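Participant: This is the structure I have questions about; it appears just below.
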Amino acid sequence: MTPVLSVRGLTTVLHLADGPVEVVKDVSFEIGEGETVALVGESGSGKSMTMLSVMGLHPQPTAEIVRGEVVLGDVDLVGADERYRRSVRGSAMAMVYQDPMTSLNPLMRIGAQIEEVLTAHGTPRRTAEQRVLEVLADVGIPQPARAARAFPHEFSGGMRQRVVIAMAIALRPALLIADEPTTALDVTIQQQIIALVRRLQAETGTAVMWITHDLGVVARVASRLLVMYAGHLVETGPTRGVFAQPEHPYTAGLIGAIPPVRGAERAPLRQIPGAPPDAAHAPAGCPFHPRCPEAVQRCEQDMPPLTQREVSAAACWVPPSEWVA
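Printed below as a string of structure tokens:
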């Protein structure tokens, strides 16, 4: 499979009053043509910052990419100038943001906002106006001409999410980054958004990076899974394999916290004690060790590398065969 995006050793630093803090730490992964990959982890694990760094939208000058490569096609975006990065954002790769109400301009009509994406990349205005109607129809919004004249507040949350997706796919990007696109939506609308992204992907061959903490969604959409904790990738592998046999205690904890849907007598949900560490005060060694039931002394001193195991690659010194919990 030809990679659309290759990320190698990406490291992003936040420059805070107390000094620089690494929030994305030596992250590497690839996404192939037409592939759906999920990036999961608790809030604050670095998921969104990783993909904002990939897009070149990390908050500057507070955040800075200090190492690594982000290769889109055959160009390293980290070394490219801002003019080039602007030219590929929206056209070659696009992002669906977490909250459509805050990512849409409340003072602009829906059609004008989508049209702006097209004209900013050189589409003639008359062609852009027609494409706006096409893309609104593509995402299942009825009466596209009428919808294009509406303002964001006139739409429900699910319809606003469709508008944001329409804006992202207007130029048929090779890579679509969906950052928590189903958060705060009820399960019916959530399923509609998932089905919509799947259909659009099947029609266009777009690669999709799905950022979420909802493993139920991951199980339905992704062929491959990246698990992130405290800025590190701690496990990567095929979704079915990781769900059936997690190789990292953190992944096992996340999967164990999914409520079962069958069984008259349900056991209490598994809990991961504690909370993710503050990036400015991350512990030495493996950042998960203060919360890990399998931690050994070496975990407190050295960060384990991603090592290929039976079904996935995991950053853990203790193999599952030696787990006690």
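In terms of numbering that gives the first Met the number 0, the sequence shown has 18 at position 19, counting the first letter as 1, and numbering is strictly consecutive.
Where is the CB? At the ideal position from N, CA and C, for every residue including glycine.
Nothing here was measured: the structure is a model prediction, and the numbers come from that model.
#1: Answer yes or no: do residue 167 and residue 93 have a C-beta to C-beta separation smaller than 8 Å?
#2: With distance defined between alpha-carbon atoms, name the residue in 95, 19, 56 and 292 nearest to residue 174.
#3: Is there a C-beta anywhere in chain B that falls below 8 Å from the one on residue 138?
#4: Round the Cβ separation of residue 220 and residue 209 to the nearest angstrom and send it over; I've been treating them as touching at under 8 Å.
#5: Looking only at its own chain, which residues have a Cβ that is under 8 Å from the Cβ of residue 223, when we skip the five neighbours before and after it?
#6: Taking residue 164 as the reference, which of 29, 153 and 196 has the closest Cα?
#7: Roughly how many angstroms lie between the CA atoms of residue 315 and residue 1, to the nearest whole one?
#8: On the three-state DSSP scale, how would you describe residue 203?
#9: Would you list, in sequence order, the uninterrupted alpha helix (DSSP H) runs of no fewer than 4 residues that lie entirely inside the segment 90–139?
#10: For residue 240, collect the residues of the same chain with a Cβ closer than 8 Å to its Cβ; drop the 5 residues on either side in sequence, then sort them by chain order.
#11: Does the segment 51–59 come close enough to the segment 134–146 that 3 or more CB-CB pairs lie under 8 Å?
#12: If contact is defined by three or more beta carbon pairs under 8 Å, each pair taking one atom from either stretch, is the segment 286–305 in contact with the segment 267–275?
#13: For residue 321, is the classification buried or exposed, using 16 other Cβ atoms within 10 angstroms of its Cβ as the cut-off for buried?
#14: Thinking residue 108 and residue 147 are a contact (beta carbons under 8 Å), I'd like their distance in whole angstroms, please.
#15: Would you mind sorting residue 32 into buried or exposed? The rule is 16 or more other CB atoms within 10 Å of its CB.
#16: When burial is assigned at 16 or more other CB atoms within 10 Å of the CB, is residue 6 buried or exposed?
#17: With DSSP as the reference, please indicate the residues paired to residue 250 in a beta bridge.
#18: Exposed or buried, what is residue 155 when buried is set at 16 or more other beta-carbons lying within 10 Å of its beta-carbon?
#19: What first and last residue would you give for the beta strand (DSSP E) that runs through residue 18?
#20: Can you tell me the Cβ-Cβ gap for residue 3 and residue 206, rounded? I've got them flagged as a contact below 8 Å.
#21: Based on Cα-Cα distance, which residue from 137, 136, 100 and 134 lies nearest to residue 160?
#22: Tell me, to the nearest whole angstrom, how far the beta carbon of residue 52 is from that of residue 9; I am working on the premise that it is less than 8 Å.
#23: Which residues in the same chain as residue 248 place their Cβ atom closer than 6 Å to its Cβ, once the five residues preceding and following it in sequence are excluded?
#24: Decide yes or no for the touch test of the segment 175–186 against the segment 11–26: beta carbon pairs closer than 8 Å, at least 3 of them.
#25: Between residue 102 and residue 39, what straight-line distance do the alpha-carbon atoms span, to the nearest angstrom?
#26: Going along the chain, which residues of its own chain have a beta-carbon closer than 7 Å to the beta-carbon of residue 84, five neighbours each way excluded?
#27: I'd like the list of long-range same chain contacts for residue 97, defined as Cβ closer than 7 Å, with 5 residues on each side in sequence excluded.
Facilitator: This is what the structure gives:
#1: yes
#2: 95
#3: Included in the structure is just one protein chain, with no chain B present.
#4: 6 Å
#5: 34, 35, 36, 37, 235, 236, 237 and 238
#6: 196
#7: 29 Å
#8: helix
#9: 99–102, 109–119 and 124–137
#10: 310 and 311
#11: no
#12: yes
#13: exposed
#14: 7 Å
#15: exposed
#16: buried
#17: None, per the DSSP bridge assignment.
#18: exposed
#19: 18–31
#20: 4 Å
#21: 100
#22: 6 Å
#23: 291 and 293
#24: no
#25: 22 Å
#26: 55 and 76
#27: 178, 179 and 182
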